[in-house]
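Q: Under UniProt numbering, the sequence shown has 20 at position 20, and the numbering climbs by one with no breaks.
Glycine residues also receive a C-beta, built at the ideal position from the N, C-alpha and C atoms.
Keep in mind that this is a model prediction, so the values were computed, not measured.
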Amino acid sequence: MAYYRRVGDVPPKRHTQHRDGDRLYYEELMGEEGFSSDSSLLYHRGLPSAIVDSRAWEPPDAATRPNHPLKPRHLRLHELFPKETWGTTDVVTGRRLILGNADVRLSYAVSTADSPLYRNATGDEIVYVESGEATVETVFGALEARSGDYVVIPTSTTHRWLPEGEGPLRAYVIEATGHVAPPKRYLSRFGQFLEHAPYCERDLHGPGEVLQATGTDVEVLVKHRTSRGIDGTRLVYAEHPFDVVGWDGCLYPFTFSVHDFEPITGRVHQPPPVHQVFEGHNFVVCNFVPRKVDYHPLSIPVPYYHSNVDSDEIMFYCGGDYEARKGSGIGPGSVSVHPGGHPHGPQPGAYERSIGAEFFDELAVMVDTFRPLELGEGGLACEDPGYAWTWAGRRADGAK
């Protein structure tokens, strides 16, 4: 985050005494890339480093299998969580890995249960709320998350998910192994959103007040790196991590609604980079939202066939009527996997049907990676085996 925010009670000068009468608050610097990037200063009632116990914790299954032999795939995420599981899983410990590589992992969870306190020390998280509502309590304060919101959580931010409302919380988790940010081309050299950007600072919503929680012997699940790869630890803190009385800086969690993304259109079909919303190391995130489409008199509004020579393209279909995929079996809750090395494009007939269209009512979140993705346990469990052959008009067994 490139702009400043101040919440709660902070002293006039950083790195100086901050007191409530005789009580001295403890200053914590939370910063990226050592002391060389964005940071915030948080002021705690208790020592933020005081722990009383540390035990092993096994995070959700992170094993993957290569997409080999190479083929496009269709994953039906809504099949992964039957209704009877909603109250017994949560959106942290109940995540099922769909796809992953060394740069990014994509998971899915459906739950009505509160999550434990959690800290991901391996990278930033972007959680897209497909449906449902939740309060996300964090060490910086609370965020209100609703259907269509991205919840962006910087690495090592202690937080928990509290679902609300009648329906379950459906969460699509994009977990980086580094940091995520708006595309650099949207920002000035000082970090302000430029006029051509499809969203701006007004669309991003951070915490408005601190929680000032109390408690002792509070357990936090921590995902972190070891020589074995990704591992987990249960840390028990002497005092509640949410004891912060104030903070300020340019690093904090925030929400951004996909409905506040203003699409960029043109006379002819625009390439995916115009839909970009975030970027991370070796991957990008794009939105496809309801929009007017190409207005050249001879335009073909659906995408042209294309080969991802350097990337895998992963599309999560969240709503609307996705014109290019009609006839494939894809619908809300689907993920399409179009790997590098294979040309892909509209389903048979969609190319011709789109001629003359003026508006597409579709909603999708796309992740493009620049290293091959492998299939996780969740992805393997919900695959549609016939998708790869739909362009040729054949069934899963290869018959016409």
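Measuring straight from C-alpha to C-alpha, what distance separates Val-7 and Lys-13?
A: About 15 Å.
Q: Would DSSP call Leu-106 helix, strand or coil?
A: Leu-106 falls in the strand class under three-state DSSP.
Q: The beta strand (DSSP E) that contains Gly-8, what's its start and end?
A: Counting along the chain, the beta strand (DSSP E) containing Gly-8 begins and ends at 5–8.
Q: When the Cα atoms are used, what is the spatial distance from Pro-168 to Arg-96?
A: Whole-angstrom Cα-Cα distance: 16 Å.
Q: If you draw a straight line from the alpha carbon of Asp-312 to that of Val-244, how long is it in whole angstroms?
A: The straight-line gap from Cα to Cα measures roughly 41 Å.
Q: If we count the other Cβ atoms within 10 Å of its Cβ and call it buried at 16 or more, is Thr-216 buried or exposed?
A: It counts as exposed.
Q: For Leu-80, report the span of its alpha helix (DSSP H) as first-last.
A: No alpha helix (DSSP H) holds Leu-80; DSSP gives it neither H nor E.
Q: Among Thr-177, Phe-193, Ile-174, which one has its Cα closest to the Cα of Gly-183?
A: Residue 183 is actually Pro in this sequence, not Gly. Residue Phe-193 is the option with its Cα nearest to Pro-183.
Q: Around the Cβ of Ala-50, are there at least 16 other Cβ atoms within 10 angstroms (buried) or fewer (exposed)?
A: Exposed, since its Cβ has fewer than 16 Cβ neighbours within 10 Å.
Q: Nearest CA to the CA of Ile-330: which residue from Ala-364, Tyr-199, Ile-355, Val-309?
A: Of the listed residues, the one whose Cα sits closest to Ile-330 is Ala-364.
Q: Within its chain, find whatever has a CB closer than 6 Å to the CB of Tyr-128; leave out the 5 residues flanking it on each side and keep chain order.
A: Tyr-150, Tyr-172, Val-365.
Q: On the DSSP bridge list, what partners appear for Ile-126?
A: According to DSSP, which records beta bridges pairwise, Ile-126 is partnered with Val-152, Ile-174.
Q: Taking the alpha carbon of Leu-375 as the point to measure from, which residue in Asp-321, Glu-32, Thr-64, Ala-392 has its own alpha carbon closest?
A: If we check each option's Cα against that of Leu-375, Thr-64 comes out closest.
Q: Trp-389 to Leu-70, Cα distance in whole Å?
A: Their Cα atoms are separated by approximately 13 Å.
Q: Nearest by alpha-carbon distance to His-306: which of Thr-255, Ser-227, Val-52, Gly-340 is it?
A: Comparing Cα positions, the closest option is Gly-340.
Q: Between Ser-328 and Ala-113, what straight-line distance do the alpha-carbon atoms span, to the nearest angstrom?
A: Approximately 34 Å between the Cα atoms of the pair.
Q: If you count every other CB in all the chains shown that lies within 10 Å of the CB of residue 408, and 16 or more means buried, which is it?
A: No answer is possible for residue 408: it lies beyond the span of the chain, which begins at 1 and ends at 400.
Q: Along the chain, where does the alpha helix (DSSP H) containing Leu-380 start, and where does it finish?
A: Looking at the DSSP string, the run of the alpha helix (DSSP H) that includes Leu-380 is 377–381.
Q: Who pairs with Gln-276 in a beta bridge, going by DSSP?
A: According to DSSP, which records beta bridges pairwise, Gln-276 is partnered with Cys-286.
Q: Counting pairs of Cβ atoms below 8 Å between the region 255–265 and the region 281–299, do you hit three or more?
A: Yes, the region 255–265 touches the region 281–299.
Q: Out of Cys-382, Glu-219, Pro-332, which one is the CA nearest neighbour of Leu-117?
A: Nearest C-alpha to Leu-117: Glu-219.
Q: Tell me, please, whether the region 51–63 touches the region 222–232 by the rule of three or more beta-carbon pairs shorter than 8 Å.
A: As far as the Cβ criterion goes, the region 51–63 touches the region 222–232, which means the pair count is three or higher.
Q: Which residues in the same chain as Ala-121 place their Cβ atom closer than 8 Å to its Cβ, once the five residues preceding and following it in sequence are excluded?
A: Closer than 8 Å at Cβ, skipping near neighbours: Thr-155, Ser-156, Val-222, Lys-223, His-224, Arg-225.
Q: Under three-state DSSP, which class holds Val-258?
A: Correct three-state label for Val-258: helix.
Q: Out of Gln-212, His-179, Glu-352, Gly-319, state which residue places its alpha-carbon closest to the alpha-carbon of Asp-103.
A: Asp-103 has its Cα closest to that of His-179, out of Gln-212, His-179, Glu-352, Gly-319.
Q: Using a 10 Å radius around the Cβ and a threshold of 16 neighbouring Cβ atoms, would you call Tyr-304 buried or exposed?
A: The residue is exposed, with fewer than 16 neighbouring Cβ atoms inside 10 Å.
Q: DSSP beta-bridge partners for Ala-134?
A: Partner(s): Ala-145, Pro-163.
Q: Is the separation between the beta-carbon of Arg-160 and that of Glu-137 shorter than 7 Å?
A: Yes, the pair counts as a contact, with Cβ atoms nearer than the cut-off.
Q: Gly-379: which of Val-337, Asp-248, Glu-358, Arg-371 sits nearest, CA to CA?
A: Of the candidates Val-337, Asp-248, Glu-358, Arg-371, the one whose C-alpha sits nearest the C-alpha of Gly-379 is Val-337.
Q: With DSSP run on the structure shown, which of helix, strand or coil describes Asp-203?
A: Helix.
Q: Between Asp-368 and Cys-286, what straight-line distance do the alpha-carbon atoms span, to the nearest angstrom?
A: So the two alpha carbons sit approximately 8 Å from each other.
Q: At the level of alpha carbons, what is the spacing between Tyr-3 and Phe-140?
A: Roughly 16 Å separates the two Cα atoms.
Q: Would you mind reading off the limits of the beta strand (DSSP E) that contains Arg-95?
A: Neither: Arg-95 is in no beta strand (DSSP E) and is coded neither H nor E.
Q: If you draw a straight line from the C-alpha of Glu-362 to the C-alpha of Thr-16, how long is it?
A: Spanning the two alpha carbons is a distance of roughly 52 Å.
Q: Short check: CB of Leu-162 to CB of Val-335, under 7 Å?
A: Going by C-beta atoms, Leu-162 is not nearer than 7 Å to Val-335.
Q: Count the other CB atoms within 10 Å of the CB of Val-274; is the residue buried (16 or more) or exposed (fewer)?
A: By the 10 Å Cβ count, Val-274 comes out exposed.
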